[in-house]
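The C-terminal position of the sequence shown is numbered 1171 in our numbering, with every residue numbered one higher than the one before it.
Note that CB positions come from ideal geometry on N, CA and C, so glycine has one too.
For reference, the structure discussed in these notes is given below.
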Amino acid sequence: MNILITTTAFTALFCGAAFAQSSDIAHEAHRFVNNASAVSHVNSSTHENLPDRINKNSTPSFSEMNEHERAIVAHSFMNNSPSYAHQKMIEEHKKMLSESGENSKTFSSSFNELNAGEKAALVHEQVNNAGAEAHQTQARKLRGLYSSR
């Protein structure tokens, strides 16, 4: 009985190793087929090998990014991100990001130090659908209302 269990375990191990090697070969083959530009082949062959160590202190999380940085990431990860339209949108967001960086005010105050209008505007800008026009309009109104006082 022990021989049967041992044989089964070794067979499973060797089959798994053989499958892993063949899937790596198949993964590389996606780059060399006749229709290599097809979406499925492009997606299969463009997996990037990320470095083992990423400095998380220098890389902001998605929630820490502003709207243009989020848009750049979103357009970069779409299925057809190499398309002209997405590349054009990425470039536009990069342009707006550099322009907003020059014109933006940096606040180093804590949430408790903000006035009521700033607090309310900040909440509108941090909700899940903060990019919605209603939230953006409300945030602008609140900031304008409390800044004029």
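Query, Result
"Where do the N-terminal and C-terminal ends of the alpha helix (DSSP H) with Gly1139 fall, by residue?", "Ala1138 to Gln1148"
"Under 6 Å Cβ to Cβ from Ser1044, same chain only, skipping five residues before and after it: list those, please.", "Low local confidence applies: a pLDDT of 49 at Ser1044 is under 50, so the model's placement there is unreliable, and no value is given."
"Taking 8 Å as the threshold, find out whether the region 1110-1125 comes into contact with the region 1082-1093 through three or more Cβ pairs.", "yes"
"Taking 6 Å as the limit between beta carbons, can you name the residues of its chain near Ala1093, skipping five residues before and five after?", "His1115"
"What's the gap between the Cα of Tyr1168 and the Cα of Arg1162?", "10 Å"
"Between which two residues does the alpha helix (DSSP H) harbouring Ala1154 extend?", "Careful: Ala1154 lies outside any alpha helix (DSSP H) and carries neither H nor E."
"In the DSSP assignment, the alpha helix (DSSP H) including Glu1135 goes from what residue to what residue?", "Counting along the chain, Glu1135 falls outside any alpha helix (DSSP H), and DSSP gives it neither H nor E."
"In the DSSP assignment, find the unbroken alpha helix (DSSP H) run with Ser1098 in it and report its ends.", "Glu1089 to Ser1098"
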